[in-house]
Amino acid sequence: MTKHRVRIAKANDSAKRFSRPGIDVSARRGDVYDGATIAGVQLPVTAKLSGRFYERFGDQITNELVDWFNSVDTTYQAQVREINESNRLWMEARFDAFDARMDAFEAKMEA
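Residues in the sequence shown are numbered from 0 upward in steps of one, following numbering that gives the first Met the number 0.
In structure tokens:
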């Protein structure tokens, strides 16, 4: 495996010049991509790390770790979704109150 270290360019036109398969060119300037090439296909860092986990710890332990991470991720996604819904309802209430105040102000100005 060959390691690559590619700096992501700032502008999109410059990013196209540096783009490689598997690299998100929308990344921020200065971000670094460390990948591996296998049969001409670049792998992200997570794929390399995943391969090393399977090599070192075996299938059973690595699969348990992946399942645990996925369950934690699902839990956090549900919590974020719940918080976002709560914030949306709060914002709607604030906008409704603002609309009511503006309607009252407009009625007062017309009178």
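Even glycine gets a Cβ: it sits at the ideal position worked out from N, Cα and C.
Do you know offhand how far residue i's Cα is from residue j's?
i	j	result
THR74	MET108	51 Å
ASP72	GLU81	14 Å
PHE94	SER85	14 Å
ALA92	GLN59	50 Å
TRP67	ARG87	30 Å
So residue i packs on residue j, CB below 8 Å; how close in whole Å?
i	j	result
THR61	PHE52	5 Å
Under the three-state reduction of DSSP, which class applies to residue i: helix, strand or coil?
i	result
ALA110	coil
ASP72	helix
Which same chain residues, not among the five before or five after residue i, have their C-beta less than 8 Å away from its C-beta?
i	result
PHE104	none
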